[in-house]
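Basically the working numbering = 1-based index in the sequence shown + 84. Ideal Cβ positions, reconstructed from N, Cα and C, are used throughout, including at glycine.
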Amino acid sequence: MNKLFFSFYAGLFLCASALAETSMEIEVGPGYGLNGNPNSMRYEFQLETDVSEDWEVDVFQRVAKPVGYAKWDQKTEFGIKRSWEMPFFRLAFGRNSELDKAYNYYNLMPGVAFKLSPDWTMKLAYRYIHSVPSESETTISRTYRTAFEYRLDKKNKLKLKWDHERREMNEFAFGWAYSF
Numbered sequence: 085m086n087k088l089f090f091s092f093y094a095g096l097f098l099c100a101s102a103l104a105e106t107s108m109e110i111e112v113g114p115g116y117g118l119n120g121n122p123n124s125m126r127y128e129f130q131l132e133t134d135v136s137e138d139w140e141v142d143v144f145q146r147v148a149k150p151v152g153y154a155k156w157d158q159k160t161e162f163g164i165k166r167s168w169e170m171p172f173f174r175l176a177f178g179r180n181s182e183l184d185k186a187y188n189y190y191n192l193m194p195g196v197a198f199k200l201s202p203d204w205t206m207k208l209a210y211r212y213i214h215s216v217p218s219e220s221e222t223t224i225s226r227t228y229r230t231a232f233e234y235r236l237d238k239k240n241k242l243k244l245k246w247d248h249e250r251r252e253m254n255e256f257a258f259g260w261a262y263s264f
């Protein structure tokens with residue numbers, strides 16, 4: 085993927101994080117590789133910042149250790165999200181290195197968020213991940229995501245995510261987010 089593109093997102097993220105609320109999130113959970121076999125565990129680190137009331141930019145790094153492979157899988161993604169009253173839409177570009185295969189991709193994620201109570205939020209989303217046109221024309225994933233967020237206080241949130249794919253693979257992740 086073009087280094088200029090990554091530089092643009094890095095600059096946007098750094099400028100926005102100096103002026104707006106930024107949160108750091110750490111997730112852990114079991115994961116699946118391209119071959120459908122479970123990875124022993126996956127770890128994700130994400131930074132997210134509000135550009136304005138309805139716009140967010142984020143970057144995340146995810147690593148997983150597939151069973152039987154010496155190398156760690158890595159995924160890096162830069163995204164921008166627009167929220168309205170209930171619906172939201174996220175567009176992201178990333179690089180995935182998994183099971184000795186590497187490719188660039190884009191991720192489209194429309195969804196809705198429901199406020200269940202002042203502290204509980206539920207998000208339902210559809211994720212469409214596809215390799216970029218210059219790569220192979222193979223669809224990577226179509227995933228339905230259900231996420232619950234519980235706000236502990238003004239700065240801390242607990243998260244539970246469940247990604248269920250059309251290939252009947254399920255990924256669960258537990259996370260903690262801290263805003264600063």
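Check, Outcome
"Give the secondary structure of G113 by DSSP, where H, G and I count as helix, E and B as strand, and everything else as coil.", "strand"
"I224 and Y189 - do their beta-carbons sit closer together than 7 Å?", "yes"
"Using the Cα positions of K239 and D184, report the straight-line distance between them to the nearest angstrom.", "39 Å"
"In this structure, how does DSSP classify P202 when only helix, strand and coil are distinguished?", "coil"
"Where do the ends of the beta strand (DSSP E) carrying E140 lie?", "W139 to P150"
"Based on the DSSP output, what are the partners of E219 in its beta bridges?", "Answer by DSSP bridge pairing: none, since E219 is not bridged."
"Pick out whichever of T106, E105, E132 and E128 has its Cα sitting closest to the Cα of E255.", "E128"
"For V196, name the three-state secondary structure that DSSP assigns.", "strand"
"Can you name the residues that DSSP bridges to Y153?", "Answer is none; Y153 lacks a bridge partner."
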